[in-house]
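Notes follow the structure.
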Amino acid sequence: MSSLEEQLAQYVEKKIPGAAQVRVDQLEQISGGASRQTYRFRLGYSEGGTARERRLILRRDPAASLIDTDRKVEFAAYKAFFGTEVPVPEVLWLEDDPSHLGSPFFISVEMTGFQTAPARIFMEPYAAHHQKMAEQKWSILGAITRHDPAKLGLIGTMEAVKPEDCWQRELGYWEGVLDSDELIPQPTMRAAIRWMRRNPPPPAQKVCVVHGDYRTGNFLYDEEGDIRGILDWEMSHLGDPLEDLGWSLNRAWCWGGDDRRGGLVPREQAIAIWEKASGLKADPAAIHWWELFAAVKGQGIWVSSAHAWETGSNKDPILVLSAWSLMNLQDRAALELMGHLK
Amino acid sequence: MMRVLPAISPTYHQGTVGMIATLLVIAADEWDRGASRRLEENQAMRDLFRKAAPVVSDKALSDRLKQLASSSDTDYRVSALEDNNCALRAALIELHTQIESQSGNEAREIENAIWKEIAKSTERRRLSTAAF
């Protein structure tokens, strides 16, 4: 059996007309979330006698992941936003046929020289730029809401939903995940779900593209505090724009150990930036509902990861670490939102 | 770990070892408190069920709560305590759902007691490494 480098080179050779002497080297697995195996590599080839080189990213499906997602949706989201004010890497090829690399995958251009790690925002020189990062983070999220999904060409790839149905569809999905994957009963989350069904949010102001995992840790930033790329669109879908805002405010992302959301700014400030950028309102009762939903969704993800680990379908330590370290935190987040955290 | 981690390559494996080290810290927390927190919690839920059973209007649930209230932990292995804990927590969810649908002061008192126990339960599980 040939190496992954050789398999990649054979695949790319067919994708670039006129390419010769295609080679792949410097292949290295990197942390790219638990939903896909992520590698960076250098692609070299000759085109019309000219030597060319590109730094690329391979995102390959594992046997089991934290999130059951459709790579077509993720690929389409990257493609739709490329070249807009929402910075994303350029995607090149999507491949569903597992015969090439053992499982489906897609390849994108690597955006090099930037950071993603949440812990690093507290180190110099990044620590001095929290305000700027926050302005950009929630302004970009606002910009996502301004794009018409139809004009982006995402209708059909992403499942349509009516404004009044957004909350039910999402809550139903994540409640179903808890039903199927929970290893221990979840009294806090079950109480939260019952409350949410008794107190539904208003219909979405508009149906937008929802990133699905918009948080510190899923964007690339530079030493000047500029956000250079929004990553990890694997949970993107059409829905209520408040869903992303609520997720971005979730307590799990308070990386500084204080109340600053995303480790950057207080909750109210983040909301104000988003409202200004989106032109939408974060009605207090509605955003409260979506923040509580974020806790349920987060718990659904950690419960799934614990299930995958326990059943042996995926033994990546990130699955058990995220489950073990974050399930209690999401319970605390939900209790805080419901006024029961002592 | 600060001495060993930098010597590991490639970076991806460095991250994996770092994660395993963090897991060991969490496991150490659990090793120490695993039996204690389950014993405490199981007893707290049994006490709660004893108070709630006469208030619950669903007779079948009330009978089951009485039965669970009179149960006890006799096997102190964590796995056995966890089995009992899961059974009790499942009943707690049923009780919570039922009591939310009942009116009256007694029902509200039981509901408040359930919330207090859920909050305490969450605190018992809190990790020393938790950011929040």
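Those protein sequences? They're chains Z and B, same order as listed. Note that numbering that gives the first Met the number 0 gives residue 70 to position 71 of the first sequence, counting from 1, and the numbers run on in steps of one. Note that numbering that gives the first Met the number 0 gives residue 53 to position 54 of the second sequence, counting from 1, and the numbers run on in steps of one. All C-beta atoms in this analysis are idealised placements derived from N, C-alpha and C, irrespective of residue type, glycine included.
Beta-carbon gap between residue i and residue j smaller than 9 Å
i	j	result
residue 140 (chain Z)	residue 247 (chain Z)	yes
residue 37 (chain B)	residue 72 (chain B)	yes
residue 220 (chain Z)	residue 214 (chain Z)	no
residue 146 (chain Z)	residue 81 (chain Z)	no
residue 154 (chain Z)	residue 148 (chain Z)	yes
residue 279 (chain Z)	residue 204 (chain Z)	yes
residue 112 (chain B)	residue 47 (chain B)	yes
residue 263 (chain Z)	residue 294 (chain Z)	no
residue 27 (chain Z)	residue 10 (chain B)	yes
residue 40 (chain B)	residue 115 (chain B)	no
residue 288 (chain Z)	residue 166 (chain Z)	yes
residue 106 (chain Z)	residue 254 (chain Z)	no
residue 340 (chain Z)	residue 297 (chain Z)	no
residue 233 (chain Z)	residue 142 (chain Z)	no
residue 235 (chain Z)	residue 211 (chain Z)	yes
residue 330 (chain Z)	residue 122 (chain Z)	no
residue 20 (chain Z)	residue 41 (chain Z)	no
residue 237 (chain Z)	residue 207 (chain Z)	yes
residue 60 (chain B)	residue 97 (chain B)	yes
Bridge partners - residue i, DSSP secondary structure assignment
i	result
residue 44 (chain B)	None, per the DSSP bridge assignment.
residue 212 (chain Z)	The partner list for residue 212 (chain Z) (beta bridge, DSSP) is empty, contrary to what the question assumes.
residue 264 (chain Z)	Z:260
residue 312 (chain Z)	BP columns for residue 312 (chain Z) are empty, so no partner.
residue 44 (chain Z)	Z:51
residue 206 (chain Z)	The partner list for residue 206 (chain Z) (beta bridge, DSSP) is empty, contrary to what the question assumes.
residue 38 (chain Z)	Z:28 and Z:57
residue 23 (chain Z)	Z:42
residue 226 (chain Z)	Z:220
residue 238 (chain Z)	Z:207
Distance, residue j Cα to residue i Cα
i	j	result
residue 198 (chain Z)	residue 77 (chain B)	38 Å
residue 192 (chain Z)	residue 43 (chain Z)	52 Å
residue 51 (chain B)	residue 128 (chain B)	35 Å
residue 32 (chain B)	residue 218 (chain Z)	37 Å
residue 338 (chain Z)	residue 107 (chain B)	16 Å
residue 7 (chain Z)	residue 59 (chain Z)	12 Å
residue 132 (chain Z)	residue 224 (chain Z)	5 Å
residue 105 (chain B)	residue 183 (chain Z)	29 Å
residue 55 (chain B)	residue 186 (chain Z)	18 Å
residue 93 (chain B)	residue 70 (chain B)	18 Å
residue 172 (chain Z)	residue 292 (chain Z)	11 Å
residue 243 (chain Z)	residue 50 (chain Z)	43 Å
residue 43 (chain B)	residue 275 (chain Z)	48 Å
residue 45 (chain B)	residue 115 (chain Z)	47 Å
residue 48 (chain Z)	residue 18 (chain Z)	9 Å
residue 53 (chain Z)	residue 125 (chain Z)	28 Å
residue 1 (chain B)	residue 12 (chain B)	15 Å
residue 240 (chain Z)	residue 209 (chain Z)	6 Å
residue 6 (chain B)	residue 55 (chain Z)	26 Å
residue 10 (chain Z)	residue 14 (chain B)	29 Å
residue 17 (chain B)	residue 333 (chain Z)	29 Å
residue 99 (chain B)	residue 66 (chain B)	22 Å
residue 272 (chain Z)	residue 261 (chain Z)	14 Å
residue 95 (chain Z)	residue 14 (chain Z)	14 Å
residue 38 (chain Z)	residue 57 (chain Z)	5 Å
residue 45 (chain Z)	residue 23 (chain Z)	12 Å
residue 2 (chain Z)	residue 180 (chain Z)	35 Å
Same chain only: Cβ atoms within 8 Å of residue i, ignoring 5 sequence neighbours per side
i	result
residue 64 (chain Z)	The pLDDT assigned to residue 64 (chain Z) is 48, lower than 50, so where the model puts this residue is not dependable; a value taken from the coordinates is nonetheless given after this. Closer than 8 Å at Cβ, skipping near neighbours: 33, 34, 35, 307 and 313.
residue 110 (chain Z)	88, 219, 227 and 228
residue 127 (chain Z)	224
residue 75 (chain Z)	152, 153, 156 and 157
residue 27 (chain B)	none
residue 222 (chain Z)	124 and 125
Proximal residues to residue i (C-beta, below 7 Å), its chain only, five neighbours per side dropped
i	result
residue 176 (chain Z)	299, 302 and 303
residue 34 (chain B)	75, 77 and 80
residue 97 (chain Z)	103
residue 85 (chain B)	none
residue 78 (chain Z)	90
residue 135 (chain Z)	225 and 226
residue 126 (chain B)	25 and 28
residue 281 (chain Z)	241, 244, 270, 273 and 274
Beta-carbon contacts of residue i that lie in its chain and below 6 Å, excluding the five residues immediately before and after
i	result
residue 168 (chain Z)	160
residue 67 (chain Z)	For residue 67 (chain Z), the predicted structure reports a pLDDT of 49, less than 50, and the residue's modelled location is therefore unreliable. The matter cannot be settled from this model.
residue 230 (chain Z)	217
residue 319 (chain Z)	308
residue 49 (chain B)	68
residue 95 (chain B)	113
residue 93 (chain Z)	74 and 105
Cβ-heavy atom distance, residue i to the ligand FMN, below 8 Å
i	result
residue 89 (chain B)	By its list of ligands, the structure shown contains no ligand whatsoever, and the ligand FMN lies outside what it can speak to.
ask   = What are the uninterrupted segments assigned as alpha helix (DSSP H) that are 4 or more residues long and contained completely in the region 99-165 of chain Z, given in chain order?
value = 129-145
query = In chain order, which continuous runs of the alpha helix (DSSP H) of length 4 or greater are located wholly inside the region 89-130 of chain B?
reply = 104-123
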